[in-house]
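Just so you know, the sequence shown maps onto residues -21 to -1, 1 to 70 in mature numbering (1 follows the signal peptide of the UniProt record, and there is no 0).
Remarks on the structure that follows.
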Amino acid sequence: MRLLLCLLVFLLALVDAAAWAADAAQHTGCTCRNRDGSRHQLGAVACLNVDGRRYLARCEMALNVPNWKKVQDECPAAATTGQPAATPAAL
């Protein structure tokens, strides 16, 4: 009887943990903000300008907080000019 009670408590805790993990996996309303106030969805990559340094960063979750994670030291040339990248002419 005691083993059955322990097993039941363990299963209930496992179900609760699974439900919590499924809920935590859905960060639909979470966004990162750029210094200019623009919002970026999770997974988005943007060129950030912080303290005079420019770098490429991705919007990610860390400890339930959206933040920017550095991907590359410098921004690609198209992002630094502010103009869209040129596309090759159709042949």
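Beta carbons: idealized from backbone N, C-alpha and C, even for Gly.
Rounded to whole angstroms, Val50 and Arg(-20) show a C-alpha spacing of 53 Å. In terms of Cα proximity to His19, the closest of Leu27, Cys38 and Arg33 is Cys38. In this model, Ser17 and Ala23 are separated by some 12 Å (Cα to Cα). Ranking Asn43, Pro45, Ala36 and Val44 by CA distance to the CA of Asp52 puts Ala36 first. Residue pairing for Leu27: DSSP places it in a beta bridge opposite Tyr34. Rounded to whole angstroms, Tyr34 and Asp15 show a C-alpha spacing of 15 Å.
Rounded to whole angstroms, Lys48 and Thr10 show a C-alpha spacing of 13 Å.
Secondary structure at Arg(-20): helix, using DSSP grouped into helix, strand and coil.
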